[in-house]
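Counting from 226, one number per residue, gives the positions in the sequence shown under the working numbering.
Note that CB positions come from ideal geometry on N, CA and C, so glycine has one too.
This structure is a prediction, so every number in the text was calculated from the model and none was measured.
Only one structure is covered here, and it is reproduced in the block below.
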Amino acid sequence: MARPYIVVVGDRPLRVRQFDVLVLGGGIAGLTAAIAAARRWRVGLLTKATFDDTATFLAQGGIAAAMSPADSPELHFEDTVNAGAGLCDEAAVRVLVTEGPDRVRELMQICPHFDKVDGEIVLGKEGAHSVARVVHAGGDATGSEVSSALAEAARTGSRVQLFEDEFAVDLLTIDGRCVGTLSYDPHGDDLWLNHAMVTILATG
């Protein structure tokens, strides 16, 4: 019978790490946040599996952003809200459509495999989009292309400390404020106390 818990803590000794920023999650959100934060702070990133075992890596769809002269953030907003049929958080949609083009351009600096023809980015028209605005990398391999590029950038081009196959067991709080996590490394059978001034949950 499977155990209903990950690890028994009991009176086991804890190993300690210290970060300014701790990111939980190894997909596009976690990797992007970690790389950006590492420009100024000491950053650690924990992912419970490997970087090729995330929802991002498996994603086959493209990324929608108003990148063409025929498009605009306002039109993207209207399409998104209409498709959402009353379920959208409009403030969140506004951030998505306004910041989306710049975030995609940043990804293009890291991931060289976005689909282009004659040097121009290819935009697809999908779903409820009224104009072509969906970018892909490697056709239907967008997730794996972007994820692999971000993981490589984090490993070799940033100061992020990466911890794969390490499970965050619990958030640590003091007076209602998160101050890090307790994590378990099954390879060394170690429990880690990860102190951080800021903890970012990017677990999907």
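State yes or no: is the C-beta of residue i within less than 8 angstroms of the C-beta of residue j?
i: Ala308; j: His301; result: no
i: Gly352; j: Leu283; result: no
i: Phe392; j: Gly269; result: no
i: Val371; j: Cys403; result: no
Taking residue i as part of the beta strand (DSSP E), name the residues at either end of that continuous run.
i: Gly405; result: 402 to 410
i: Ala393; result: 392 to 399
i: Thr424; result: 415 to 426
i: Leu256; result: No beta strand (DSSP E) holds Leu256; the alpha helix (DSSP H) holding it covers 253 to 262.
Among residues of its own chain, excluding the 5 on either side of residue i, which ones have a beta-carbon nearer than 7 angstroms to its beta-carbon?
i: Ala258; result: Val248, Ile425, Ala427
i: Gly235; result: none
Take residue i as the anchor and find which of the options has the nearest alpha-carbon.
i: Gln243; options: Asp340, Gly405, Gln334, Thr279; result: Gly405
i: Val359; options: Leu348, Asp314, Ala366; result: Leu348
i: Arg319; options: Ser297, His412, Leu396; result: Ser297
i: Trp417; options: Gly287, Leu271, Thr305, Glu315; result: Leu271
i: Thr381; options: Ile260, Gly250, Ala316, Glu299; result: Ile260
i: Arg237; options: Asp414, Gly429, Val423; result: Asp414
i: Gly364; options: Glu315, Gly251, Gln285, Leu239; result: Gln285
Starting from residue i and walking both ways along the alpha helix (DSSP H), at which residues does that stretch end?
i: Val320; result: 315 to 335
i: Phe302; result: 298 to 309
Going by beta carbon distance, what residues of the same chain come within less than 6 angstroms of residue i, once the five residues before and after it are set aside?
i: His420; result: Gln243, Gly405
Take residue i and list the residues in its own chain whose beta-carbon comes closer than 8 angstroms to its own, dropping the five residues that flank it on each side.
i: Ser408; result: Leu271, Phe388, Glu391, Phe392, Ala393, Val394, Leu416, Trp417, Asn419
Any contact of the stretch 320 to 327 with the stretch 375 to 387, i.e. 3+ C-beta pairs under 8 angstroms? The stretch 320 to 327 makes no contact with the stretch 375 to 387; the number of CB pairs closer than 8 angstroms stays below 3.
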